[in-house]
Every structure is written in structure tokens, then in C-alpha cells.
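Residue numbering for the sequence shown follows the numbering used here, starting at 1 and increasing by one per position.
Notes to accompany the following structure.
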Amino acid sequence: MPDTPDILRAVLAADPALRVRAVGDLYRLLLHQEKVFPASAPAALVLARLLDDPRTLAETGWEHRAGRRSLRAELLNWLASFADIARLDVEDGMGTAQALAAARATRPALHVRIADFCDDDDLRVREAALATTALLLADPAIASSVPRYAPAVRKVLAVSADSYYRWIARERLAAWGEDATGLIAAEEERQAALDRARALVEDPFGENQEQVIRWLEEQPEDTAVAEWESRRRAERTRPTPAAPYEPAPEPPMAAPASAAGYCGPWRIAREDERAEWTFTPYVGVGPVHFGMTLEEIASALGERPAFSSYSDHGEDRQLDYADFAENGIRALLRDGRLGCVAVNALTGPQVRLDAVPLTGCVPARVEDWLVHRTVRPGSLRYSVAGDPVFADLGLAIRSQQAGDIALTRPLFLLHGWLDLWHSLPSDEWNSV
Numbered sequence: 001m002p003d004t005p006d007i008l009r010a011v012l013a014a015d016p017a018l019r020v021r022a023v024g025d026l027y028r029l030l031l032h033q034e035k036v037f038p039a040s041a042p043a044a045l046v047l048a049r050l051l052d053d054p055r056t057l058a059e060t061g062w063e064h065r066a067g068r069r070s071l072r073a074e075l076l077n078w079l080a081s082f083a084d085i086a087r088l089d090v091e092d093g094m095g096t097a098q099a100l101a102a103a104r105a106t107r108p109a110l111h112v113r114i115a116d117f118c119d120d121d122d123l124r125v126r127e128a129a130l131a132t133t134a135l136l137l138a139d140p141a142i143a144s145s146v147p148r149y150a151p152a153v154r155k156v157l158a159v160s161a162d163s164y165y166r167w168i169a170r171e172r173l174a175a176w177g178e179d180a181t182g183l184i185a186a187e188e189e190r191q192a193a194l195d196r197a198r199a200l201v202e203d204p205f206g207e208n209q210e211q212v213i214r215w216l217e218e219q220p221e222d223t224a225v226a227e228w229e230s231r232r233r234a235e236r237t238r239p240t241p242a243a244p245y246e247p248a249p250e251p252p253m254a255a256p257a258s259a260a261g262y263c264g265p266w267r268i269a270r271e272d273e274r275a276e277w278t279f280t281p282y283v284g285v286g287p288v289h290f291g292m293t294l295e296e297i298a299s300a301l302g303e304r305p306a307f308s309s310y311s312d313h314g315e316d317r318q319l320d321y322a323d324f325a326e327n328g329i330r331a332l333l334r335d336g337r338l339g340c341v342a343v344n345a346l347t348g349p350q351v352r353l354d355a356v357p358l359t360g361c362v363p364a365r366v367e368d369w370l371v372h373r374t375v376r377p378g379s380l381r382y383s384v385a386g387d388p389v390f391a392d393l394g395l396a397i398r399s400q401q402a403g404d405i406a407l408t409r410p411l412f413l414l415h416g417w418l419d420l421w422h423s424l425p426s427d428e429w430n431s432v
């Protein structure tokens with residue numbers, strides 16, 4: 001890779017391909033693995049001085065981004081990444097104390113250079129400048145400017161097509177003491193709608209797929225660098241928990257099987273008696289997939305079920321559930337299609353997430369492990385019965401008695417079933 005001065009000269013080269021390659025080299029060299037280095041701070045100051053050069057108005061496509069944008073917008077995005085990392089700590093692995101101190105020291109000067117672009121006529125330049133500014137204002141020396149920029153952050157960044165910019169708006173407004181509740185709810189609903197649509201498209205039994213595909217095609221393309229990168233950044237800089245360096249809990253373990261010869265009502269199946277299943281959130285679990293009919297489920301499991309119907313808590317429509325005793329699961333259906341699978345804690349298949357068992361374990365251990373693992377803010381909720389429901393996984397953890405102990409009875413759900421109280425039959429609440 002060329003040296004830093006060579007890269008900086010190439011940033012303004014006439015050849016568009018050379019400019020794209022130079023900015024990519026610059027990012028990888030000076031923010032390698034999302035860390036700052038001794039050269040990062042001076043390079044940021046040099047790039048900021050290049051922003052008003054007319055040559056930065058040239059537009060081209062950029063790797064991992066939707067559409068075209070100007071070199072100016074892309075340089076501002078680089079500076080946003082720099083400002084994002086500069087507000088973190090050595091303990092976060094973002095660089096040495098000296099390199100981070102140098103990066104933070106540039107923030108007032110960068111703010112001065114970038115301020116004029118926060119009102120730029122080019123929306124992508126304006127968004128990138130506002131995103132960088134919002135992150136730079138973490139510096140106490142310039143925090144007094146927050147009231148000036150907060151309205152624009154809400155008006156422009158919070159509704160951007162760029163998911164990273166939207167996250168910056170929510171995170172910074174909350175940090176500034178602004179009410180971001182509506183923005184958080186809107187983002188969750190946006191993501192839930194996209195998840196539902198994608199699940200329907202992937203579901204071989206899904207209905208109205210043509211309309212869903214058309215709706216997805218009409219949604220604006222995310223212009224963030226990459227969805228996984230912005231989510232990782234969101235996870236890294238989420239509000240600090242009460243014990244920020246608390247180690248991850250030990251993964252749960254399945255309860256031991258009942259003693260040999262025991263055949264009572266609380267018998268816990270041996271490991272070799274349980275089928276091994278995995279699941280894909282909002283797609284299916286084991287051999288069954290959401291959207292299957294009862295006949296299709298029975299064929300997949302090779303078992304005829306005991307079948308019952310129930311009213312949806314006073315509503316007109318009937319819902320159904322079918323118990324497959326040999327397989328140890330209960331299938332719950334709405335309008336004749338599978339929407340929830342409950343796994344019997346004592347005899348059901350061992351369903352694993354990242355090789356960790358979810359069936360027949362101590363409920364508190366599973367809950368602790370899942371809470372620590374969950375990465376999407378707002379994903380965790382609790383039912384009226386106190387059962388944890390993880391919306392990012394389509395998973396609820398209920399308890400089922402095995403004599404004097406309680407074991408996990410995992411429920412795998414579609415979006416419309418996450419409200420357990422209004423989705424499950426009363427008989428399910430008696431599964432103890």
C-alpha cells in the first residue's frame with residue numbers, strides 16, 4: 001500500500017478510479033480495523049482542508065454504497081468514522097492513548113472546517129457533514145453548539161435513507177437529553193416491516209408475495225457503508241450498562257435426564273432420545289417452516305397430531321393448535337397456517353442457537369445468555385407472564401415444570417405472534 005502523502009495527493013487526482021482507490025486506501029491505512037493511529041489525526045486535518053476544493057465535487061460510485069456521490073460527501077463520511085472512533089476509549093480497543101488523545105484534539109478545528117457544509121445544497125454532503133458534526137460535538141470544548149445543530153440532526157439525519165445516519169441521530173439526540181422515543185419506535189417499526197416482508201418473500205408458502213416484493217423494491221436503498229458495519233458500530237457504542245465490563249454469562253446447559261427406569265409424568269428425556277434441531281428466525285425450526293398447513297406439518301414430522309381450536313381472546317376468528325406427542329412439540333396455527341412452535345421442555349427436540357441448547361434448561365440461565373447476546377436495541381420485551389421475548393430472533397422462553405424444578409419451553413414465533421397473551425391459547429398457559 002502507498003505511503004500516506006502519496007494517498008493524500010491521489011485523493012484529488014483527475015482519474016475517478018484513482019480517487020476511489022485512494023480514499024479506500026486512506027480509510028484502510030488510517031482507520032484499519034476501526035482504530036486510530038498516529039497518522040490519523042494529521043490526515044483528518046489535511047482532508048478537512050481539502051473539502052472546499054472544487055475537484056471534490058466530482059461524483060462517482062463508491063464501494064459498498066448505493067448510488068453515486070461526490071468525493072466531498074465521501075471524505076466527510078471518512079471524517080464521520082474518524083469522529084465516531086475518537087469519542088471512544090482505549091478500553092474499547094480503538095487505539096493507543098496517545099493516538100486517541102491526538103484524534104480528540106483535532107475536533108474543534110474539524111468542527112470549524114465542516115460547519116459550512118451542514119447547509120450544503122447537496123443532500124448527501126449535508127447529511128455527511130451533520131453526521132460528522134453530531135459526533136464531533138461529543139467534545140466538551142464545543143458542546144455548547146449542540147442547540148444549534150440538534151434541530152437539523154432531527155430534521156435531516158433522523159429521516160435519512162442511510163441507516164448509520166439515522167442511528168447517529170437517535171443516539172446523539174438521546175445523549176443531548178432530547179426525546180428520541182418516537183424516532184426509536186419508528187426505526188423499530190421500519191425494521192419489523194422489512195423483516196416481515198423478507199420473511200414472507202423467503203417463505204415458500206407465503207401469500208401476496210408479488211405485492212410484498214413490489215413493496216420491498218419501492219423502499220429506498222440503504223446508503224450506509226454496509227448494514228453489518230453500522231450495526232456493529234451501534235452495538236459498540238450503545239449506552240453503557242451498569243456493569244460495562246461484566247463478562248458474558250456461561251452458556252446454559254440442558255438439565256440431566258431422569259434416572260434410568262423412571263417413567264413418571266415428569267420424566268426428562270435422555271439426550272439420545274431428543275432430536276437435534278436448529279432454527280432460522282422467522283423462517284422455521286427443525287423440519288417445519290412457518291406458513292405450513294397442518295397436513296404439511298404432519299407429513300414433515302411423520303405423526304398425526306391431537307388437534308384443538310380456540311378463540312383469539314374473544315375475537316371472531318378461530319385459531320388452532322396441534323400437539324405432536326411423539327415429537328414433543330405443539331404447532332399453533334392462524335388461518336390454517338403455522339405461526340408458532342412450542343417445544344416441550346421434557347420430551348421435545350433440543351433446539352440450538354450457536355450450538356447452545358435452548359430446550360430443557362434452567363430458565364434464568366437461558367434468559368441471561370440471550371439478553372447478553374441480543375444486539376438489536378429494543379429487541380427484548382416481556383409478556384404479561386414475565387416471559388422474555390426476543391423480537392430479533394422470533395423467540396420466547398417460557399417455563400415448564402418437571403416436578404419441583406422449572407425448565408425452558410422455547411417458543412418460535414412469527415412477528416404476529418410476539419404478543420403472547422393475545423396469541424396463545426389458555427391451555428398453553430397451563431403447560432406446567
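By construction, the Cβ of each residue, glycine as well, lies at the ideal position given by its N, Cα and C atoms.
From a predicted model like this one, the values you see are computed outputs, not experimental measurements.
Counting along the chain, F412 sits inside the beta strand (DSSP E) bounded by residues 405-413. Between the alpha carbons of A105 and R214 lies a distance of about 49 angstroms.
Taking 8 angstroms as the upper bound for CB-CB distance, H415 and Y321 are not in contact here, some 19 angstroms apart. The residue from A109, W277, L358 with its alpha-carbon nearest to that of T133 is A109. In the DSSP assignment, L395 is bridged to F390, F412. Here S309 carries a strand assignment [DSSP, helix/strand/coil]. Judged by pairs of C-beta atoms under 8 angstroms, the stretch 322-333 touches the stretch 346-354, as three or more such pairs exist.
Among the bridge pairs identified by DSSP, S426 is matched with none.
Counting along the chain, L130 sits inside no beta strand (DSSP E); it lies in the alpha helix (DSSP H) bounded by residues 123-136. Taking C118 as the centre and dropping the five residues before and after it, the same chain places the C-beta of R126, A129, L130, T133, Y149, A152 closer than 8 angstroms to its C-beta, in chain order. Counting C-beta atoms within 10 angstroms of its own C-beta, F307 has fewer than 16 neighbours from the protein chains shown and is therefore classed as exposed. Residue environment: P147 is assigned as exposed (fewer than 16 neighbouring CB atoms within 10 Å of its CB, all protein chains considered). Residue pairing from DSSP places C361 in a beta bridge opposite A254.
DSSP, reduced to helix, strand and coil, places G182 within a helical segment of the structure shown. If the five residues before and after V285 are omitted, its C-beta is found closer than 7 angstroms to the C-beta atoms of W277, F279, V341, V351, F412, all from its own chain and listed in chain order. Membership of R334 in the beta strand (DSSP E) is indicated by the continuous run 329-334. Annotation for A269: A257, L346, T347 place their beta carbon closer than 7 angstroms to its own, counting only its chain and skipping 5 residues before and after.
A Cβ-Cβ distance of about 5 angstroms is found for the pair V366 and I397, placing them in contact under the 8 angstroms criterion. Counting every other CB atom within 10 Å of its CB across the protein chains shown gives W266 a total below 16, marking it as exposed. Along the stretch 74-111, the alpha helix (DSSP H) occurs as fully enclosed runs of 4 or more residues at 97-105, listed in sequence order. Counting every other CB atom within 10 Å of its CB across the protein chains shown gives T359 a total of 16 or more, marking it as buried. Scanning its chain for C-beta atoms nearer than 6 angstroms, with the 5 sequence neighbours on each side dropped, one finds around A275 the residues P349, in chain order.
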